[in-house]
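Single-structure report; data block below.
In the numbering used here, the protein residues as written are 4 to 386.
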């Protein structure tokens, strides 16, 4: 599949186009899935990231003579051009193959969508953060496959955060599409490992089990740095933004802008009421049609040269500092209703308001993280 040049050019702005380091992805290991897919009607869960060396999975399967009957797309759509949170409720087509959105009124494939499908292949580049919605789409696809007795094949990929685990574990009452499972914000697993955990821990509910196979990567270590070939969404355009995402996305539940509507989303943050030397003014662009503080001068901080090797934990200092630098009027309105869904609990904002420091807050996460590590260990495929 050749995506339109205009989309590809926008997606790679400021992006280091270096292939993922020295390992075969799941998509590369054709010998492991060719026989499984032969003579079957295939459904694909894919987007613009479902490629390697500029060859999309659709092209790979067509070259092998496979029959693709339906394409399903996650948040941001098949081409990755839709804004965060923008619902996609229409059905489009690629080479006469219907593309059904799983980010609109329907987030789960229904029996009509699946009536002519024997097997689904899931191949999407994830970021490895609980509130990044591709794992929620994975959950609903697994649930549908379990209900309809359809095989699911996950082609594994790395993500920038497999080397550490951090953040509060999601509490059930704060479950939503930006957090469905009792895991920390950063869970330190590939998409294939995560699928095994969903299945193995019974998170599909009602004793459902998905007929799941993961096509593993070769020569992969979770501790090796990676470069992702294609940006996974419009506002994560650089490796630096992906590495900062677990820390800065918490601002999406506050009055602070994370730079949507600029050339450096998730590499800068600020608001009109902060007092700093650095400033920016969000404007509508490819990644954000109506960004927070549209056309308003914001003051804050830029992290474009943030030292990448130091990112092995969530940096709470950004959030704590922004709150305490805000004038009292804005402190009273700093957090919105979305914040607790992102943090996964009701405690974090109270801890910040009550002047707990980063180390004190982290201590409250330890018990949950240690319990999760025992669960996680059962499903790890790589050293």
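Every residue, glycine too, gets a C-beta built ideally from N, C-alpha and C.
Select from 218, 226, 217, 182 the residue whose C-alpha is nearest the C-alpha of residue 206.
Residue mapping note: residue 206 aligns to position 203 of the chain shown, counting from 1. Checking every option, the nearest Cα to that of residue 206 belongs to 182.
Rounded to the nearest angstrom, what separates residue 200 and residue 208 at their Cα positions?
Counted from its first residue, the chain shown places residue 200 at position 197. Counted from its first residue, the chain shown places residue 208 at position 205. The straight-line gap from Cα to Cα measures roughly 13 Å.
In its own chain, which residues sit with a C-beta less than 7 Å from the C-beta of residue 85, not counting the 5 before and 5 after it?
Position 82 of the chain shown, counting from 1, holds the residue named residue 85. Beyond the five residues adjoining it in sequence on each side, residue 85 comes within less than 7 Å, by CB distance, of 79, 91 in the same chain, given in chain order.
Checking 9 Å against the spacing of the C-beta atoms, do residue 228 and residue 137 come in under that value?
To locate residue 228, count along the chain shown from 1; it is residue 225. To locate residue 137, count along the chain shown from 1; it is residue 134. Against a cut-off of 9 Å, the Cβ pair of residue 137 and residue 228 comes out as no contact.
Stretch pair the stretch 339–346 + the stretch 291–304: three plus CB contacts closer than 8 Å
With contact defined as three or more Cβ pairs closer than 8 Å, the stretch 339–346 and the stretch 291–304 are not in contact.
Separation of residue 71 from residue 47, as counted between CA atoms
As a first step, residue 47 must be located in the chain shown, where it is residue number 44. As a first step, residue 71 must be located in the chain shown, where it is residue number 68. Spanning the two alpha carbons is a distance of roughly 7 Å.
Where the beta strand (DSSP E) containing residue 195 begins and where it ends:
On the chain shown, residue 195 is found 192 positions in, with the first residue counted as 1. Residue 195 -> not in any beta strand (DSSP E); alpha helix (DSSP H) instead, spanning 194–203.
Runs of beta strand (DSSP E) lying entirely within the stretch 21–75, each at least 3 residues, in chain order
For the stretch 21–75, whole beta strand (DSSP E) runs of length 3 or above, ordered along the chain, are 44–48.
Which of the three DSSP states is assigned to residue 257 in this structure?
The residue you call residue 257 lines up with position 254 of the chain shown. Strand.
Just the C-alpha distance for residue 397 and residue 269, rounded to the nearest angstrom, thanks.
Residue 397 lies beyond the stretch modelled for the chain, which goes from 4 to 386, so this question has no answer here.
How big is the Cα-Cα spacing for residue 58 and residue 144?
Along the chain shown, one-based indexing puts residue 58 at 55. Along the chain shown, one-based indexing puts residue 144 at 141. Those two C-alpha atoms are separated by around 24 Å.
For the candidate residues 112, 87, 279, 374, whose alpha-carbon lies nearest to that of residue 74?
For this step, residue 74 is matched to residue 71 along the chain shown. If you compare the alpha carbons of 112, 87, 279, 374 with that of residue 74, the shortest gap goes to 112.
Ordered list of beta strand (DSSP E) runs contained in the stretch 290–348, each at least 3 residues
List check, beta strand (DSSP E) in window: 301–305.
Got a sec? Which residues, its chain only, sit under 7 Å from residue 26 by beta carbon, not counting five neighbours each side?
As a working note, residue 26 is residue 23 in the chain shown. If we look at residue 26 and ignore the five residues flanking it on each side, its Cβ neighbours are 220, 221, 222, 223.
Using DSSP with H/G/I as helix, E/B as strand and the rest coil, what is residue 221?
Reading the chain shown from its first residue, position 218 is the one you call residue 221. Collapsing the DSSP output to three states places residue 221 in a strand.
Quick one: grab the DSSP three-state call for residue 246.
Taking the chain shown and counting its residues from 1, one reaches residue 246 at position 243. Assigned with DSSP and collapsed to three states, residue 246 falls in helix.
Measuring alpha carbon to alpha carbon, tell me which residue in 319, 216, 386, 364 is nearest residue 122.
Here residue 122 refers to the residue found at position 119 of the chain shown. Its Cα nearest to that of residue 122, the residue 216 stands out among 319, 216, 386, 364.
Please report the residue range of the beta strand (DSSP E) in which residue 139 lies.
Walking along the chain shown from the start, residue 139 turns up at place 136. Looking at the DSSP string, residue 139 is not in any beta strand (DSSP E); the run it does join, the alpha helix (DSSP H), is 137–151.
Counting pairs of Cβ atoms below 8 Å between the stretch 324–333 and the stretch 277–288, do you hit three or more?
Taking a contact to require three or more Cβ pairs closer than 8 Å, the stretch 324–333 and the stretch 277–288 qualify as touching.
Our contact map puts residue 242 next to residue 230 with C-beta atoms below 8 Å; I'd like the distance itself, whole angstroms only.
On the chain shown, residue 242 is found 239 positions in, with the first residue counted as 1. On the chain shown, residue 230 is found 227 positions in, with the first residue counted as 1. Contact between residue 242 and residue 230 holds: CB atoms are separated by about 6 Å, below the 8 Å threshold.
Express the C-alpha separation of residue 187 and residue 60 in angstroms, rounding to a whole number.
Residue 60 sits at position 57 when you count from the first residue of the chain shown. Residue 187 sits at position 184 when you count from the first residue of the chain shown. Cα-Cα distance, rounded: 31 Å.
Residue 274: first and last residue of the uninterrupted beta strand (DSSP E) it sits in:
Position 271 of the chain shown, counted from the start, is the residue given in the question as residue 274. If you look at residue 274, you'll find it in the beta strand (DSSP E) that goes 271–274.
Where residue 232 and residue 194 are concerned, what is the direct C-alpha to C-alpha distance, given to the nearest angstrom?
Locating residue 232 in the chain shown gives position 229, counting from the first residue. Locating residue 194 in the chain shown gives position 191, counting from the first residue. Within the model, the alpha-carbon separation for residue 232 versus residue 194 is close to 16 Å.
Residue 103 and residue 116 - do their beta-carbons sit closer together than 9 Å?
Here residue 116 corresponds to residue number 113 of the chain shown, with the count starting at 1. Here residue 103 corresponds to residue number 100 of the chain shown, with the count starting at 1. The criterion of a C-beta distance shorter than 9 Å is satisfied by residue 116 and residue 103.
When the Cα atoms are used, what is the spatial distance from residue 366 to residue 68?
Here the question's residue 366 lines up with position 363 in the chain shown. Here the question's residue 68 lines up with position 65 in the chain shown. Straight-line Cα distance between these residues: approximately 55 Å.
Which residue comes first and which comes last in the beta strand (DSSP E) that contains residue 174?
Locating residue 174 in the chain shown gives position 171, counting from the first residue. It is not in any beta strand (DSSP E) - residue 174 carries neither H nor E in the DSSP assignment.
What residues in its chain sit with their C-beta under 7 Å from that of residue 53, if we drop five residues either side in the sequence?
To locate residue 53, count along the chain shown from 1; it is residue 50. Within the same chain, residue 53 has close Cβ partners 59, 60, 126, 127.
Please say whether residue 306 and residue 251 have beta carbons closer to each other than 9 Å?
As a first step, residue 251 is located in the chain shown; it is residue number 248 there, counting from the start. As a first step, residue 306 is located in the chain shown; it is residue number 303 there, counting from the start. Judged by beta-carbon spacing, residue 306 lies within the 9 Å limit of residue 251, meaning their Cβ atoms are closer than that value.
Spatial neighbours of residue 35 within its chain, please: CB distance less than 7 Å, with the 5 preceding and 5 following residues excluded, ordered by chain position.
To locate residue 35, count along the chain shown from 1; it is residue 32. Around residue 35, the same chain offers 218 as residues with beta carbons nearer than 7 Å, after the five sequence neighbours per side are excluded.
Using the DSSP secondary-structure output, state which residues sit across from residue 182 in a beta bridge.
Stepping through the chain shown from its first residue, residue 182 is reached at position 179. For residue 182, the beta-bridge partners assigned by DSSP are 179.
Quick check on this structure: which residue in 65, 155, 87 has the alpha carbon closest to the alpha carbon of residue 1?
Lying before the first or after the last residue shown, residue 1 is absent from the chain, which here runs from 4 to 386.
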